[in-house]
Every structure is written in C-alpha cells, then in structure tokens.
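> Quick note: to get this note's numbering, add 54 to the position in the sequence shown (first position is 1). Glycine included, every Cβ here is placed at the ideal spot set by N, Cα and C.
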Amino acid sequence: MLYSGNTAQQTKWRILLFAFALCSPLAVGGEIVKWVDEHGKVHFGDRVPEKYKKQSEVVDAEAPMLGLTEEELEAQQRLTTEYERQVERNRQREKSEAEKISSEPPAPAPSKAKPKMTREDCRNDHPSITANRVKCFNSLEEDG
Numbered sequence: 055m056l057y058s059g060n061t062a063q064q065t066k067w068r069i070l071l072f073a074f075a076l077c078s079p080l081a082v083g084g085e086i087v088k089w090v091d092e093h094g095k096v097h098f099g100d101r102v103p104e105k106y107k108k109q110s111e112v113v114d115a116e117a118p119m120l121g122l123t124e125e126e127l128e129a130q131q132r133l134t135t136e137y138e139r140q141v142e143r144n145r146q147r148e149k150s151e152a153e154k155i156s157s158e159p160p161a162p163a164p165s166k167a168k169p170k171m172t173r174e175d176c177r178n179d180h181p182s183i184t185a186n187r188v189k190c191f192n193s194l195e196e197d198g
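#1: Have a look at V82 and R101 and give me their C-alpha separation to the nearest angstrom.
#2: Would you identify the three-state DSSP class for I86, choosing helix, strand or coil?
#3: So what does DSSP say about P79, is it helix, strand or coil?
#4: Give a yes or no on contact between the segment 103-113 and the segment 129-136, applying the rule of three or more CB pairs nearer than 8 Å.
#5: For the alpha helix (DSSP H) that contains V141, what are its first and last residues?
#6: Quick check: the segment 138-146 against the segment 106-114, are at least 3 beta-carbon pairs closer than 8 Å?
#7: In whole angstroms, what separates the C-alpha of I183 from that of M171?
#8: May I have the straight-line CA-CA distance separating S193 from K154, to the nearest angstrom?
#9: Measure the alpha-carbon distance for Q146 versus T134 and round it to whole angstroms.
#10: Are there any heavy atoms of the ligand ADP lying less than 6 Å away from the beta-carbon of V102, as far as the coordinates show?
#11: Where does V188 sit, in a helix, a strand or coil, going by DSSP?
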C-alpha cells in the first residue's frame, strides 16, 4: 500500500506527488489553438470544442527573442569601433595643435610706455585754460 508506514514516509510521498502534479502540465507542452465562435469572439486554448475544430488553427507560441541578433550585434560593434577611432583621431589632432601652439614663441607684450603727446592732445586736454595749454606745449618742446 502507498501510505502504509510512518508519517514521515507519508509526507515524502505527498511531497513527491504534489511536485509531480505541478510539473506534469509543463511537461506536456500542448499546442495553443485559436478559434472563432458563432458570435465572432476569438478564443485561445489547448482544447477546441468539436463544432469549431474545422475552423481552428494552431498558433505559434514561440516566445519572442530578446536582445539583438548576431548581425545587429556585429553592426553595433562596427559603429562603436568606428566612433572610438574618430574620438582617438580628434584627440590626437587636438594634442598636435596644442603642441604646435606651445612651441611657437610668445607674441611680444604690448608696450606700457605712454604714447607721445602732440600739440593736438594739449589743445584737447586744455580747451579753456590757455596758461595750462602753453605749459603743455612747452613740455612737448622740452621732451622732443
């Protein structure tokens, strides 16, 4: 007898039967069938009622593939490689331009000396006070 024995043995058998009951529908792996009833409603199932068997069709139940195909992966890899090469070329170009700029002698600094004044500057600086303008003219003659 199946359950003759101690309770530990019975528990093992119950667990084994329960596991078998859970796994059996997965092992069968029946096909999915589609049919339309007299009201136009679409049905899916693994068993078709007799009166709809002629109108039924098997549905491909293969799960869609996740991710990219090999060809798509290769194309993506080519694009990535080309992008990396372009980045490296740009980096090298910028580096050589920076080296070229650093090897050029610096431009001379602008002169900090005051530009030489002219008589016109004296007239503009002292438009109304003649004495100051005369002093400015005289300083130009002394400097020049």
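In this structure, then:
#1: Translated into positions along the sequence shown, residue 82 becomes position 28. Translated into positions along the sequence shown, residue 101 becomes position 47. Its pLDDT being 49, under 50, V82 is placed unreliably in this model, and the value from its coordinates should be taken loosely. Looking at the two C-alpha atoms, the distance is approximately 13 Å.
#2: Residue numbering aside, residue 86 sits at position 32 when the sequence shown is read from its first letter. If DSSP states are grouped into helix, strand and coil, I86 belongs with the strands.
#3: Here residue 79 refers to the residue found at position 25 when the sequence shown is read from its first residue. With a pLDDT of 48 at P79, under the threshold of 50, the modelled position of that residue is not reliable, and no figure is offered here.
#4: By the C-beta criterion, the segment 103-113 is judged not to be in contact with the segment 129-136, since fewer than 3 inter-stretch pairs fall below 8 Å.
#5: Taking the sequence shown and counting its residues from 1, one reaches residue 141 at position 87. If you look at V141, you'll find it in the alpha helix (DSSP H) that goes E124 to S157.
#6: At 8 Å Cβ cutoff, the stretches do not touch.
#7: Looking up residue 183 in the sequence shown gives position 129. Looking up residue 171 in the sequence shown gives position 117. Their backbone Cα atoms lie some 18 Å apart in a straight line.
#8: For the purposes of this step, residue 193 is identified with residue 139 of the sequence shown, where counting begins at 1. For the purposes of this step, residue 154 is identified with residue 100 of the sequence shown, where counting begins at 1. S193 and K154 have their alpha carbons spaced roughly 48 Å apart.
#9: For this step, residue 146 is matched to residue 92 along the sequence shown. For this step, residue 134 is matched to residue 80 along the sequence shown. Cα-Cα distance, rounded: 18 Å.
#10: Ligands in the displayed structure: none, and consequently the ligand ADP is not present.
#11: Within the sequence shown, numbered from 1, the residue matching residue 188 stands at position 134. Helix at V188.
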